[in-house]
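Here the protein sequences come in this chain order: V, G and D. For reference, each letter of the first sequence is one residue, going 1 to 276 in the numbering used here. For reference, each letter of the second sequence is one residue, going 1001 to 1276 in the numbering used here. For reference, each letter of the third sequence is one residue, going 2001 to 2276 in the numbering used here.
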Amino acid sequence: MEAKSEPSKSSGGAWAHLAAVRRRSPLVQCITNFVSMDLAANTLLAAGASPAMVHSVAETSDFTPHVDALCINVGTLTPDWVTSMKSAVGIATRLGKPWVLDPVAIGCSNFRLNACLELVELKPTVIKGNGSEIIALSAASLGQAKGADSFHESTDAIEAAKSLARKSGAVVAVSGAVDIVTNGNQVIGVHNGTAMLQKITATGCSLAALVAAFVAIDPSQALEATVSALSIFGIAGELGEAMAKGPASLRMHLIDCLYGLDETTVLNHANIVKLE
Amino acid sequence: MEAKSEPSKSSGGAWAHLAAVRRRSPLVQCITNFVSMDLAANTLLAAGASPAMVHSVAETSDFTPHVDALCINVGTLTPDWVTSMKSAVGIATRLGKPWVLDPVAIGCSNFRLNACLELVELKPTVIKGNGSEIIALSAASLGQAKGADSFHESTDAIEAAKSLARKSGAVVAVSGAVDIVTNGNQVIGVHNGTAMLQKITATGCSLAALVAAFVAIDPSQALEATVSALSIFGIAGELGEAMAKGPASLRMHLIDCLYGLDETTVLNHANIVKLE
Amino acid sequence: MEAKSEPSKSSGGAWAHLAAVRRRSPLVQCITNFVSMDLAANTLLAAGASPAMVHSVAETSDFTPHVDALCINVGTLTPDWVTSMKSAVGIATRLGKPWVLDPVAIGCSNFRLNACLELVELKPTVIKGNGSEIIALSAASLGQAKGADSFHESTDAIEAAKSLARKSGAVVAVSGAVDIVTNGNQVIGVHNGTAMLQKITATGCSLAALVAAFVAIDPSQALEATVSALSIFGIAGELGEAMAKGPASLRMHLIDCLYGLDETTVLNHANIVKLE
């Protein structure tokens, strides 16, 4: 069905990945910002995963060995949290567990940028950000001048994402009007979601947690799992918006729809396109 | 109306306790995890109580003497929070104020287990957990090997709860398909609630805060007050689920229903059974 | 239309201020309590502003110079947060950026009272509290005995607010059945809002964040902007309550209504009265 000159829409493995998350309920440790803990935990629960908001360095050595994936998010970062993140990531990496880095607002301080650069050195499985964040992180990881903080359309960030993916070895996901996922070689576009999700705090962070749950199922398929997570979250947003009267009701319907998604709906709505 | 061979359902003191909370609006200090602060505060407000999310050790000596009850929850625990908890608990105990311990995910680290054991030594009025948590805490407080972390039906946890109640002097509540409350002698079952509440983060933590508000009314009736709080929260969940399309709308309806509960509804729905 | 003997209702600049916030999307840094971060961020987003929940002292020197306004809220205060607050406020003041102080539960400890007094010395643009908080802060800033912690109707707090405004140089807003705003000279009443907003945690904190967004547009018009923010938030609450079944659905509708407010609705509902 595919022709080189005109990439065709597909639903990829979106349904199969969601079904696997529901069946296996991966335990996802989130070391995430204070603003997003609630929505991220509810997103994981709605998708069938098990959230664990455990961030103390006093607990990582006992707890992290038992998790299926880790989500590291640098919003509301302080130095002691960086210590916990590195501790948890070290354990995850040693034990072959996948982990996701969300470099939230990386441009807001050198402290945050440097923390993210150190975390990238620790080999995340997936890096997920918006256009500005990925451009800034890609440039910094290549030793270039800091990328501008202004808004970048995700499609403009494709080259930055590919560079970052090649340099870091991570799958890189860029959220935007069209989400982009790349491993530095393949580039996939996800045409799901709705602009109003940006009017709800913590949706990006919650998406990163969902990516961790999906990648937990089979870390060797991180590219496909990330694409599926973005598509599933976007579909829930689309269905939610159809019922919503504004961002707060969208937030509610988003979670309800994620919880209730069935195969037919996913197959009908998933809009995944292989770009490169 | 009761026959020894067949325990009969009753509404216990559920309505009277809720009415007393609404009338007296007890001030409940919560030293609780970051994930649950929002929902726990809104649960207390919806029940007519006054929440105070005050956790700094710099404030306990001034503030805790004025509260009517204290809720201690070890989710997202760090060492400095343990210090605050012990400070607040020490004041509460000295002044005869009731306090509730919620040993969230006690099995996730030795740090957390040890903190909970130290808190149990400080004589909580009520300990509320799920089956796994109560089994682990009971075993550890009796010096036995750590209980498994896997899911335990609350009914399986009855013996653990009774042992913990006798050892600690606390009323012990075990949430589950049927909630169990015991003082080591009497055992009461609460058949309210709905499974979907487990798909919302922080409902267990919010229930612990509600127990603190109920126990605040008359600490000498901690067993009955705990039973009432569990029944009331469960009824709100049942009513909420009837209107919900998923966990996020259930979360909303749960709070709305708790706020709007009237006597007839409570009497019709409360399902409390004396088991021993 | 106005007569000296009978102050007449007007909509003031409420619509113009909201339209300006939507157009210019001011970046508002919030150093606020853990309970309110989520709702405050969503309030700012719904109003068209850009929230930044950045509280680490490691980030203030890089980040605060780029914000348009700052909101400082002392709920869940700990000593390290006071350090961050003073750092951010120092930068904001030096660069002429407006900032809002919300002295939440100032009466709960001497630690909190003293932190607020030190912050008042740093010249907030606006101080927003309920009657008890403003009375306590006004008395303490004038070296009087601590005001009682009991509830005070906002109208009783007018004299305290005027004294505090004169002493501090800040615009002082007192939330209550009727909100009062004063610069020590003029006194304006805002008759919008609904009592059920008090049954939702963090609405006061979210209102303070909204005031910061409004004041960001033109700090020289802080009195008018504060009045507008209170009126707009109150209108959203009124419209929300008409659809709500309880506090949790009110919380949702509040944000949806804030997002959807149009000029006609604002002009019809804003109820602003010049009192002095």
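By construction, the Cβ of each residue, glycine as well, lies at the ideal position given by its N, Cα and C atoms.
Counting only Cβ-Cβ distances below 8 Å, G:P1051 has contacts in chain D at T2201, in chain order. Distances from the CA of V:G204 to each of V:A244, V:N33 and V:L267 were compared; the closest alpha carbon is that of V:N33. For G:T1182, the secondary structure class from DSSP, reduced to helix, strand or coil, is strand.
Taking a Cβ-Cβ threshold of 9 Å, the residues of chain G close to D:G2246 are A1046, M1252, H1253, I1255, D1256, C1257, L1258, Y1259 and G1260, in chain order. The Cβ-Cβ distance between G:L1095 and G:Q1029 does not fall below 8 Å. The CB of D:F2034 comes closer than 7 Å to the CB of F34 in chain V, given here in chain order. Each residue's CA atom was taken as its position, placing D:A2041 and D:N2114 some 27 Å apart. Proximity to D:K2199 across G:K1009, G:A1014, G:R1022 and G:G1013 peaks at G:R1022, based on C-alpha coordinates. Proximity of G:F1111 to chain V, defined by a Cβ-Cβ separation below 8 Å, is satisfied.
Residues are counted here when their Cβ sits less than 8 Å from a Cβ of chain D; for the segment 95–123 of chain V these are A105, C108, S109, N110, F111 and R112, given in chain order.
When only Cα atoms are considered, V:A165 and G:D1256 end up about 47 Å apart. Taking 8 Å as the threshold, the shortest C-beta distance from G:N1042 to chain D falls below it. As computed with DSSP, V:L27 is found in a beta bridge with V:S50. Rounded to the nearest angstrom, the Cβ distance from D:V2082 to G:M1053 is 17 Å, too far for a contact under 8 Å.
Listed along the chain, the chain D residues whose CB falls inside 7 Å of the CB of G:F1063 are C2108 and S2109. Using a Cβ-Cβ distance cut-off of 8 Å, the segment 2229–2243 of chain D and the segment 2206–2218 of chain D are in contact, since at least three pairs of beta carbons, one from each stretch, lie closer than that value.
Per DSSP, V:A160 is one residue of the alpha helix (DSSP H) stretching across I158 to S168. Against chain D, the beta carbon of G:E1059 has neighbours under 7 Å at C2108, S2109, F2111 and R2112, listed in chain order.
Contact of G:T1078 with chain V is assigned, a C-beta pair being separated by under 8 Å. With the rule of 3 Cβ pairs closer than 8 Å, the segment 233–240 of chain V counts as touching the segment 257–264 of chain V. The three-state reading of DSSP puts D:L2267 in helix, counting H, G and I together. Inter-residue distance for V:E121 and D:D2068 is about 34 Å (C-alpha atoms, whole angstroms). Looking at the DSSP output, D:I2127 sits in a beta bridge with D:L2101 and D:V2172. What V:S56 touches in chain D, judged by beta-carbon distance under 7 Å, is nothing: the nearest beta carbon there is about 15 Å away. When the Cα atoms are used, V:N192 and V:D179 turn out to be separated by approximately 8 Å.
Contact of V:S132 with chain D is not assigned, every C-beta pair being separated by 8 Å or more. The segment 59–66 of chain V and the segment 100–111 of chain V do not touch, with fewer than 3 CB-CB distances between them shorter than 8 Å.
Sorting D:E2059, D:D2062 and D:S2087 by C-alpha distance to the C-alpha of D:I2072 places D:S2087 at the top. Between G:V1172 and G:C1116, the CB-CB gap reaches or exceeds 8 Å. Distance from the CA atom of D:A2216 to the CA atom of V:T201, rounded to whole angstroms, is 21 Å. Look at V:L70 here: in three-state DSSP terms it is strand. Distance from the CA atom of D:D2038 to the CA atom of D:L2045, rounded to whole angstroms, is 11 Å.
Beta-bridge analysis with DSSP links G:I1188 to G:V1181 and G:K1274. Interface annotation, G:M1085: not in contact with chain D, CB-CB separation never under 8 Å. For V:S10, the three-state secondary structure derived from DSSP is strand.
Take D:S2084, set aside five residues on each side of it, and the residues of its chain with a beta-carbon closer than 7 Å to its own are I2031, H2055, S2056, V2057 and T2060, in chain order.
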